[in-house]
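Student: Below you'll find the structure I mean.
Numbering (the numbering used here), first residue to last: -15 to 654.
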């Protein structure tokens, strides 16, 4: 008997749920991520809602096959510095190594450099030292280490990150230190040779600290969800874009858990619709994530998140603080959007919780969001529509404030449109960073729009970039959740090499890649993925000798690897260094399998007569109020053409077609 599947994206403002019924059809739900008066956890509450189970009642586990989730729990804990109290154990003399780091100055002309707050609370220096070639210079003093770690444990610390010099190569001392930590009773022990077995002390150390700092928070959340879903298979999305069983979900792999599902959903649906090259535009309540796809997933293997360097595979996503909840500011002289967000609680002013003015309020005031065609999940009973009256009152007050401070007359509508122009400019610049600045011609791409707020701004963003095609999927408002269901289970392994690329090295690389592949395949099989469903990709990370940035190419023969690297390098940097040797920095494998294969055949809808709007509403755009037809997507048939201005409404999103829009807006009708 087929059962329900639930694919969930727990975001900062909304929790989106896509459920596949036993008959194969899908249904959706959108819940406020924080609504303490109504429920403890939005994901479980959404499952109950779709199954028709009363709040607080047990979930009928016999009806559910699996739950696949992405969550911002770890991301929020990192951003807000609300992780576990953590102890750093490192080689004597390197207690400040992660604080000093690379001495980067992100803002060169700041006289007062504000360093990010470190994640670890205290440091223990272990009396040990290993040389770069693995030779033991000073053996680990276990007795002294135990004494200092016991003192930290007695102070209440329960998470420990162990980072020794050259432990990516010589692991014995870290293994012994980890054993001591577990014997003392630390509940979270993260050793760098297990978390990030790669060269570079600082990024390896930061990654290990992040893992120790966030994993307990994740474990508590996973245990909470699993406790309400006993016996149901629970999987979580990793930052790399692959699912893993809940018991293997770690802090270092959770930073981009939710956005990664959006990338998978964007790619799968765009390819089905016939768009092989796409720019992803995911605008949610708190931020906007943009991404690039031209045939394969792009990943970053070394990045910085919230001031912390990470060496773990992550989807290549650029984020800007411009979401539907981004707060609008007037500082007495200028208008600003964000970076702070109203979140889900209290949310924008229209959410009926007394929140500040935000980007969503702009669209409510301008008529681009119609409360009658928006989910009614607001108010004390979570059953009321958006409050437009509160928005009008707040914008009128701000208009008076602007006039008093500057002497300039600006109507509430002009203010709201000005704020939108600022937000659109921020988002367009973000897209340029991941496309134009990397040698891609953005006009050759389709803009795939998703996220609850994406459709409201898609045409404006495309215009700002000179793009001529926008693609909006019917599940665009919950596409990150949909992507959870379309993703494969994955296991990725890496190993540092740091050797010159030459013919004699290829055999050694083949053997080491085969070993890593065996480990990755074995892990997927332990997660019940059939061996025949598993595929493995082997990759080299190459760089010019003397440089610090490696580019990823597929493992093949020597000449093909050189050719692929040079093509990628020329596109990225527009020049080559033919007299420099190539160095293999690391090797990696990715084993994938076990994903859902959801078919999406376009449905030919027929209709008698011409397409008629459900309503004609007022919408303010390009400096004037305009009579605007509002269509509901379920009324539309294949071949329908809609000229702007127009609003297209559906349960999961609102898509706005601006006046004079001459490009192509593709609405997938499935």
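For every residue, glycine included, the Cβ atom is placed at its ideal position computed from N, Cα and C.
What is the rounded straight-line gap between the Cα of residue 38 and the Cα of residue -1?
Tutor: Approximately 19 Å, taken between the alpha carbons.
Student: Can you name, in chain order, every residue of its own chain whose Cβ lies under 6 Å from the Cβ of residue 707, other than the five neighbours on each side?
Tutor: The structure shown does not extend to residue 707, since the chain is modelled only from -15 through 654, so no value can be given for it.
Student: Among 250, 451, 272, which residue has its Cα nearest to the Cα of residue 321?
Tutor: Of 250, 451, 272, the residue nearest in Cα terms is 272.
Student: Please go through the region 512 to 547 and give each complete beta strand (DSSP E) segment of 3 or more residues, from N-terminal end onward.
Tutor: Runs of the beta strand (DSSP E) inside the region 512 to 547: 519 to 528, 535 to 538.
Student: Given this structure, state the Cα-to-Cα distance separating residue 654 from residue 133, to the nearest angstrom.
Tutor: Any reading at residue 654 is ruled out, since the residue's pLDDT is 45, under 50, leaving its predicted position unreliable.
Student: Note down the Cα distance separating residue 268 from residue 435, rounded to an integer number of angstroms.
Tutor: Rounded to the nearest angstrom, the two C-alpha atoms are 5 Å apart.
Student: Taking the DSSP output, what are the residues bridged to residue 610?
Tutor: In the DSSP output, where bridge partners are listed per residue, residue 610 has 603.
Student: I'd like the span of the alpha helix (DSSP H) that includes residue 276, first residue to last.
Tutor: Note, residue 276: premise wrong, no alpha helix (DSSP H); beta strand (DSSP E) at 272 to 277.
Student: So residue 265 is in the beta strand (DSSP E); what residue range does that whole segment cover?
Tutor: Counting along the chain, the beta strand (DSSP E) containing residue 265 begins and ends at 262 to 267.
Student: Is there contact here, the region 444 to 464 with the region 241 to 248, by at least three beta-carbon pairs under 8 Å?
Tutor: The answer is yes - the region 241 to 248 touches the region 444 to 464, with three or more Cβ pairs under 8 Å.
Student: Could you tell me which residues DSSP puts in a beta bridge with residue 478?
Tutor: In the DSSP output, where bridge partners are listed per residue, residue 478 has 572.
Student: Could you pull the start and end residues of the alpha helix (DSSP H) that residue 216 belongs to?
Tutor: Premise fails: residue 216 is in no alpha helix (DSSP H) and is neither H nor E.
Student: Assuming residue 14 is part of the beta strand (DSSP E), what are its boundary residues?
Tutor: Here the beta strand (DSSP E) through residue 14 covers 10 to 16.
Student: Would you kindly work out how many angstroms separate the C-alpha atoms of residue 274 and residue 445, rounded to a whole number?
Tutor: If you take the alpha carbons of residue 274 and residue 445, they lie about 12 Å apart.
Student: Quick check: the Cα distance between residue 85 and residue 185, rounded to an integer number of angstroms?
Tutor: Near 9 Å, if we compare the C-alpha coordinates of residue 185 and residue 85.
Student: Using DSSP with H/G/I as helix, E/B as strand and the rest coil, what is residue 1?
Tutor: The answer is strand: DSSP assigns residue 1 an E or B state.
Student: Closer than 7 Å by C-beta to residue 314: which residues in its own chain qualify, once you throw out the five before and the five after it? Chain order, please.
Tutor: Result list for residue 314: 382, 385, 386, in chain order.
Student: Since residue 302 is in the beta strand (DSSP E), which residue starts that stretch and which ends it?
Tutor: First-last of the beta strand (DSSP E) with residue 302: 302 to 304.
Student: Look up residue 653 in the DSSP assignment and say whether it is helix, strand or coil.
Tutor: Reliability of the predicted coordinates at residue 653 is poor, the pLDDT of 48 falling under 50, and no value is obtained from them.
Student: What beta strand (DSSP E) runs, 3 residues minimum, are completely inside the region 20 to 96?
Tutor: Counting only runs of 3 or more, we get 48 to 55, 70 to 75.
Student: Quick check on the burial criterion: 16 or more other C-beta atoms within 10 angstroms. Buried or exposed for residue 250?
Tutor: When all chains shown are included, residue 250 counts as buried.
Student: Could you pull out every unbroken beta strand (DSSP E) segment of at least 3 residues lying fully inside the region 109 to 153, listed in chain order?
Tutor: You should have 120 to 122, 143 to 147.
Student: Assign residue 524 to one of two classes, buried (16 or more other C-beta atoms within 10 Å of its C-beta) or exposed (fewer than that).
Tutor: Counting Cβ neighbours within 10 Å, residue 524 comes out buried, since at least 16 surround it.
Student: Could you tell me which uninterrupted beta strand (DSSP E) segments, each at least 3 residues in length, are contained entirely in the region 423 to 509, listed from first to last along the chain?
Tutor: Listed in chain order, the complete beta strand (DSSP E) runs (minimum 3 residues) inside the region 423 to 509 are 430 to 434, 453 to 456, 473 to 484.
Student: Is residue 298 helix, strand or coil when you go by DSSP?
Tutor: DSSP places residue 298 in strand when its eight states are reduced to three.
Student: When the Cβ atoms of the region 423 to 432 are set against those of the region 250 to 264, are three or more pairs found closer than 8 Å?
Tutor: Flag = yes, the region 423 to 432 and the region 250 to 264 touch.
Student: Since residue 398 is in the beta strand (DSSP E), which residue starts that stretch and which ends it?
Tutor: Not the beta strand (DSSP E): residue 398 falls in the alpha helix (DSSP H), residues 396 to 418.
Student: To the nearest angstrom, report how far apart residue 187 and residue 293 are at their CA atoms.
Tutor: Rounded to the nearest angstrom, the two C-alpha atoms are 5 Å apart.
Student: Relative to the C-alpha of residue 397, which residue among 297, 605, 447 is closest?
Tutor: Nearest option by C-alpha distance: 605.
Student: Nearest-angstrom Cα distance between residue 448 and residue 522?
Tutor: Each residue's alpha carbon lies about 39 Å from the other.
Student: Could you check which residue in 520, 153, 551, 459 has the C-alpha nearest to that of residue 633?
Tutor: Residue 633 has its Cα closest to that of 459, out of 520, 153, 551, 459.
Student: Residue 239 by DSSP, collapsed to three states: which one?
Tutor: Residue 239: coil per DSSP, three-state reduction.
Student: What are the start and end residues of the alpha helix (DSSP H) that includes residue 168?
Tutor: That run of the alpha helix (DSSP H) goes 156 to 168.
Student: CA-CA distance, residue 576 and residue 516?
Tutor: Between residue 576 and residue 516, the C-alpha separation is close to 11 Å.
Student: Check the C-beta distance from residue 349 over to residue 400 and give it rounded, since I have them as a contact under 8 Å.
Tutor: The pair is a contact, with the Cβ atoms about 5 Å apart (cut-off 8 Å).
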